[in-house]
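**Q**
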Amino acid sequence: MIRKSAFRNKRPVRDFPYFFAAERFMNILFLPTLSVLLFWCAACAALPFLVLRDRRLARIRKRSLFDKSADQISGLCVIMMLLLAAAVGADVWFHGRMDAVASSLSRPVWLLFAGGECLAAFFVLCSRILGRRRSFAIAGTFLAGAAAAFSYLMFLILLWSLLRGEQAPGGMGVPPGADALSILKGLVGQFRDWVFRFRADWTLPALAAGFFCFLAPSAAQTSALLWHLVRRGSDDFGRDYYTFAVGGRARRAAWSGALLLPFAAVLLWVTPPFAAGKAGILPFGNLAPEIMTLLYNMLPLGLPLAVLCCYLPGRSASPLRRKSLIFLAPFMFFTGLFAILVRIWG
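Numbering-wise (numbering that gives the first Met the number 0), the sequence shown opens with residue 0 and increments by one.
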């Protein structure tokens with residue numbers, strides 16, 4: 000119980016007992032939060048280009064089904080980008096947990112990531128508002144996709160530095176309060192170190208780059224597939240449209256997810272298995288370290304299960320009858336992605 004005198008004496012926050020519980024909670028959920036954020040950023044980087052693809056197919060094939068699909072996906076794109084920009088902006092403004100960790104790695108890269116997400120949200124919102132003019136909507140969607148892809152690249156740089164411990168002591172190797180020229184020199188020096196390090200050991204970075212590259216279309220297709228089912232009760236486009244949209248989207252999600260599996264398999268082969276000593280910082284790791292270690296080594300099976308959950312509705316004549324598999328696919332992706340991050344980190 001916290002006494003009122005503690006507030007009168009202005010004791011630091013770390014003196015309160017609840018702070019240690021919150022700190023422990025954040026340490027346990029840090030890697031799962033990173034996996035969700037990675038999936039979200041990857042989906043935001045590819046969703047605008049899915050909208051442009053459907054617009055182009057609607058214009059070429061003269062079918063309104065593609066226009067309806069593009070309208071639904073553009074709504075999802077606006078929601079996901081606005082939520083991500085609000086979350087990242089709030090974390091930067093209030094100096095949250097991610098801001099503290101990312102700033103210790105590279106403050107300029109973290110600010111570029113946050114700025115790119117805010118810029119992508121602005122462009123996609125403008126394309127939604129100016130949707131009556133087709134050229135403005137297409138230009139805004141393309142610029143939103145470019146900004147989201149740039150911020151996704153910045154996030155991958157931060158994620159790799161965090162998981163593999165590539166950061167220099169003291170962040171960028173630049174003292175606090177340094178001028179812009181010193182920061183630029185630190186960036187150039189760090190980039191040179193990364194290049195020489197990758198030349199010495201290119202296997203793991205190349206596999207991770209291929210995995211994260213194919214993660215973007217897979218996450219976008221899976222999110223769009225789930226959004227079609229969510230919007231079925233609100234957008235009454237008819238059963239034929241949802242059969243066409245859900246079936247085609249499920250097939251594309253399955254094939255884009257299948258491209259992840261070779262990279263994930265080789266990543267799991269070249270990285271060591273999860274050690275029992277690290278189970279304490281993961282959810283429920285302290286309950287039974289041996290059992291939880293075995294469970295965490297089996298979590299990569301979530302990726303092929305997610306592909307299977309998307310493949311079966313896509314091959315079905317009535318994909319709407321397999322809604323449970325579609326709703327299960329994103330959670331399987333989260334577990335498989337979390338397992339990949341754990342293995343890269345370990």
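Beta carbons are placed, not taken as given, at the ideal position from N, Cα and C, and that holds for glycine.
Within 10 angstroms of the Cβ of alanine 148, are there 16 or more other Cβ atoms? Answer buried if so, exposed if not.
**A** Position 149 of the sequence shown, counted from the first residue, corresponds to residue 148. The residue in question, alanine 148, is buried, as its Cβ has 16 or more Cβ neighbours within 10 Å.
**Q** Does any residue of chain B bring its CB to less than 8 Å from the CB of valine 306?
**A** You won't find chain B in this structure, because it holds only one protein chain.
**Q** For arginine 62 and phenylalanine 243, I'd like the C-alpha separation in whole angstroms.
**A** Along the sequence shown, one-based indexing puts residue 62 at 63. Along the sequence shown, one-based indexing puts residue 243 at 244. Those two C-alpha atoms are separated by around 12 Å.
**Q** Give a yes or no on whether the C-beta atoms belonging to valine 50 and isoleucine 72 are separated by under 8 Å.
**A** Residue mapping note: residue 50 aligns to position 51 of the sequence shown, counting from 1. Residue mapping note: residue 72 aligns to position 73 of the sequence shown, counting from 1. Yes, Cβ-Cβ distance for valine 50 and isoleucine 72 is below 8 Å.
**Q** Terminal residues of the continuous alpha helix (DSSP H) containing glycine 74?
**A** Taking the first residue of the sequence shown as 1, we reach residue 74 at position 75. From DSSP, the alpha helix (DSSP H) with glycine 74 extends over 63-92.
**Q** Tell me the DSSP secondary structure of threonine 270 in three-state form.
**A** Reading the sequence shown from its first residue, position 271 is the one you call residue 270. Residue state, collapsed to three classes: coil.
**Q** Sorted by chain position, which residues of the same chain lie with C-beta nearer than 6 Å to serine 150's C-beta, five sequence neighbours on each side aside?
**A** Taking the sequence shown and counting its residues from 1, one reaches residue 150 at position 151. Hits under 6 Å: Phe112, Gly115 and Glu116.
**Q** Going straight from the alpha carbon of leucine 36 to that of tyrosine 240, what length do you get?
**A** Residue mapping note: residue 36 aligns to position 37 of the sequence shown, counting from 1. Residue mapping note: residue 240 aligns to position 241 of the sequence shown, counting from 1. So the two alpha carbons sit approximately 31 Å from each other.
**Q** Assign threonine 202 to buried or exposed, taking buried as 16 or more other Cβ atoms, counted over all protein chains shown, within 10 Å of its Cβ.
**A** In the sequence shown, counting from the first residue as 1, residue 202 sits at position 203. Per the 10 Å Cβ criterion, exposed.
**Q** In angstroms with no decimal places, state the Cα-to-Cα distance between alanine 57 and methionine 331.
**A** Counted from its first residue, the sequence shown places residue 57 at position 58. Counted from its first residue, the sequence shown places residue 331 at position 332. About 32 Å.
**Q** If I measure Cβ to Cβ from leucine 81 and keep anything under 6 Å in the same chain, skipping five residues before and after, which residues do I get?
**A** Stepping through the sequence shown from its first residue, residue 81 is reached at position 82. Hits under 6 Å: Ala120.
**Q** Under the rule that 16 or more other beta-carbon atoms within 10 Å means buried, what is proline 271, buried or exposed?
**A** On the sequence shown, residue 271 is found 272 positions in, with the first residue counted as 1. With fewer than 16 Cβ atoms within 10 Å of its Cβ, proline 271 is classed as exposed.
**Q** From the DSSP output, in three-state form, read off alanine 98 for me.
**A** Position 99 of the sequence shown, counting from 1, holds the residue named residue 98. Inspection of the sequence shows that residue 98 is occupied by aspartate rather than by alanine. Residue state, collapsed to three classes: helix.
**Q** Taking only the alpha-carbon atoms, compute the straight-line gap between arginine 250 and phenylalanine 333 and give it to the nearest angstrom.
**A** Here residue 250 refers to the residue found at position 251 of the sequence shown. Here residue 333 refers to the residue found at position 334 of the sequence shown. Looking at the two C-alpha atoms, the distance is approximately 19 Å.
**Q** Would you kindly work out how many angstroms separate the C-alpha atoms of glycine 237 and tryptophan 344, rounded to a whole number?
**A** Locating residue 237 in the sequence shown gives position 238, where the first residue counts as 1. Locating residue 344 in the sequence shown gives position 345, where the first residue counts as 1. Near 47 Å, if we compare the C-alpha coordinates of tryptophan 344 and glycine 237.
**Q** For the putative contact between valine 229 and proline 312, defined by C-beta atoms under 8 Å, what is the C-beta separation to the nearest angstrom?
**A** Numbered from 1 along the sequence shown, position 230 holds the residue referred to as residue 229. Numbered from 1 along the sequence shown, position 313 holds the residue referred to as residue 312. Actually they do not touch by this definition, with Cβ atoms about 15 Å apart.
**Q** Does the beta-carbon of alanine 89 have 16 or more other beta-carbons within 10 angstroms, so that it is buried, or is it exposed?
**A** Taking the sequence shown and counting its residues from 1, one reaches residue 89 at position 90. Exposed: under 16 other Cβ atoms inside 10 Å.
**Q** In angstroms, rounded to a whole number, what distance separates the CA positions of glycine 169 and phenylalanine 29?
**A** As a working mapping, residue 169 is identified with position 170 in the sequence shown. As a working mapping, residue 29 is identified with position 30 in the sequence shown. In this prediction, glycine 169 scores a pLDDT of 38, lower than 50, which makes its location untrustworthy; the coordinate-derived value is nonetheless stated afterwards. Roughly 21 Å separates the two Cα atoms.
**Q** Kindly confirm or deny that the region 321-331 and the region 293-309 touch, where touching means at least three C-beta pairs closer than 8 Å.
**A** A contact exists between the region 321-331 and the region 293-309.
**Q** Determine the DSSP secondary structure at arginine 58, reduced to helix, strand or coil.
**A** Numbered from 1 along the sequence shown, position 59 holds the residue referred to as residue 58. It is helical.
**Q** List the whole-angstrom C-beta distance separating leucine 300 from leucine 259, where the pair is believed to meet the contact cut-off of C-beta under 8 Å.
**A** Start at 1 with the first residue of the sequence shown, and residue 300 comes out as number 301. Start at 1 with the first residue of the sequence shown, and residue 259 comes out as number 260. Not a contact, Cβ separation roughly 13 Å.
**Q** List the endpoints of the continuous alpha helix (DSSP H) containing alanine 252.
**A** Counted from its first residue, the sequence shown places residue 252 at position 253. Where alanine 252 is concerned, the enclosing alpha helix (DSSP H) stretches over 238-257.
**Q** Which of the three DSSP states, helix, strand or coil, is assigned to alanine 45?
**A** Taking the first residue of the sequence shown as 1, we reach residue 45 at position 46. Helix.
**Q** Give me the residue from Arg106, Ser134 and Leu142 with the minimum Cα distance to valine 123.
**A** For the purposes of this step, residue 123 is identified with residue 124 of the sequence shown, where counting begins at 1. Closest by alpha carbon: Leu142.
**Q** Roughly how many whole angstroms lie between the Cα atoms of glutamate 165 and isoleucine 339?
**A** By 1-based counting over the sequence shown, the position of residue 165 is 166. By 1-based counting over the sequence shown, the position of residue 339 is 340. Any reading at glutamate 165 must be qualified, since the residue scores a pLDDT of 46, below 50, and its modelled position is unreliable; the value itself is stated next. In a straight line, the C-alpha of glutamate 165 is about 18 Å away from that of isoleucine 339.
**Q** Give me, in chain order, the residues of the same chain whose beta-carbon lies closer than 8 Å to that of isoleucine 59; leave out the 5 immediate sequence neighbours on both sides.
**A** Position 60 of the sequence shown, counted from the first residue, corresponds to residue 59. If we look at isoleucine 59 and ignore the five residues flanking it on each side, it has no Cβ neighbours.
**Q** Between phenylalanine 210 and phenylalanine 262, is the Cβ-Cβ spacing less than 8 Å?
**A** Stepping through the sequence shown from its first residue, residue 210 is reached at position 211. Stepping through the sequence shown from its first residue, residue 262 is reached at position 263. Cβ distance < 8 Å, so phenylalanine 210 and phenylalanine 262 count as in contact.
**Q** Count the other CB atoms, across all protein chains shown, that sit within 10 Å of the CB of isoleucine 156; report buried if there are 16 or more and exposed otherwise.
**A** As a first step, residue 156 is located in the sequence shown; it is residue number 157 there, counting from the start. The residue is buried, with at least 16 neighbouring Cβ atoms inside 10 Å.
**Q** In three-state DSSP terms, what is aspartate 234?
**A** As a first step, residue 234 must be located in the sequence shown, where it is residue number 235. Correct three-state label for aspartate 234: coil.
**Q** So, helix, strand or coil for arginine 132, using DSSP?
**A** As a first step, residue 132 must be located in the sequence shown, where it is residue number 133. Coil.
**Q** Which of the three DSSP states, helix, strand or coil, is assigned to serine 315?
**A** Here the question's residue 315 lines up with position 316 in the sequence shown. In this structure, serine 315 counts as coil in the three-state DSSP scheme.
**Q** Between the Cα of cysteine 76 and the Cα atoms of Val87, Ser134 and Gln220, which residue gives the shortest distance?
**A** Looking up residue 76 in the sequence shown gives position 77. Of the listed residues, the one whose Cα sits closest to cysteine 76 is Gln220.
**Q** Write down the C-beta distance between leucine 46 and leucine 158 rounded to the nearest angstrom, noting that I regard them as a contact closer than 8 Å.
**A** Here the question's residue 46 lines up with position 47 in the sequence shown. Here the question's residue 158 lines up with position 159 in the sequence shown. Contact flag wrong, Cβ pair sits at about 20 Å.
**Q** On a CA-only basis, which of Ser126, Val100, Thr140 and Ser134 is nearest serine 160? Give me that one, please.
**A** The sequence position of residue 160 within the sequence shown is 161, counting from 1. The residue with the shortest Cα to Cα distance from serine 160 is Val100.
**Q** Since I believe alanine 252 is in contact with leucine 224 (beta carbons under 8 Å), could you give me their beta-carbon distance rounded to a whole number of angstroms?
**A** Taking the first residue of the sequence shown as 1, we reach residue 224 at position 225. Taking the first residue of the sequence shown as 1, we reach residue 252 at position 253. Confirmed, Cβ separation roughly 5 Å.
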